[in-house]
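The numbering of the sequence shown is this note's numbering, which starts it at 1 and goes up by one.
We put the CB at the ideal spot given by N, CA and C, even for glycine.
Treat the numbers as computed from the prediction; the structure is a model and nothing was measured.
In what follows, a structure is listed as structure tokens, so that the remarks can point back to it.
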Amino acid sequence: MSEKQVSPYPVRLTPELRAMLEESARAGGRSLNAEMLLRLEASFVDATEIQSLTAAQVMDVRRIALEVFQELSKQPK
């Protein structure tokens, strides 16, 4: 994530989504804001950028994806 200046933007989250983000942020040692930015930025990564990821970044992406899938599988259908 870049250290560029960011402008505040209020976001409305369901309590469930906020709880999932907070848990993921805690697990990754990040703030809630950093977790949200990481996930948003990751959603815009294209194939050429994926090839330039470091092994640590790939592992972060895998961990985040696994956490999301695990949380989604716990939700009632």
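Does the count of Cβ pairs from the segment 56-68 and the segment 21-36 closer than 8 Å reach three?
Touching, yes.
Going by C-alpha to C-alpha distance, which of SER24, LYS74, GLN70 sits closest to LEU37?
Residue mapping note: residue 37 aligns to position 37 of the sequence shown, counting from 1. Cα-wise, what sits closest to LEU37 is SER24.
Looking only at C-alpha atoms, which of PRO10, LEU21, VAL11, TYR9 sits nearest to LEU79?
Because the chain is modelled from 1 through 77, residue 79 falls outside the range shown and cannot be assessed.
Looking at C-alpha atoms only, which residue of PHE69, ASN33, LYS74 is the closest neighbour of VAL6?
Locating residue 6 in the sequence shown gives position 6, counting from the first residue. Measuring from the Cα of VAL6, the nearest candidate turns out to be ASN33.
According to the neighbour-count rule (16 or more other Cβ atoms, all chains shown, within 10 Å of its Cβ), is GLU35 buried or exposed?
For the purposes of this step, residue 35 is taken as residue 35 along the sequence shown, with counting starting at 1. With 16 or more other Cβ atoms within 10 Å, it is buried.
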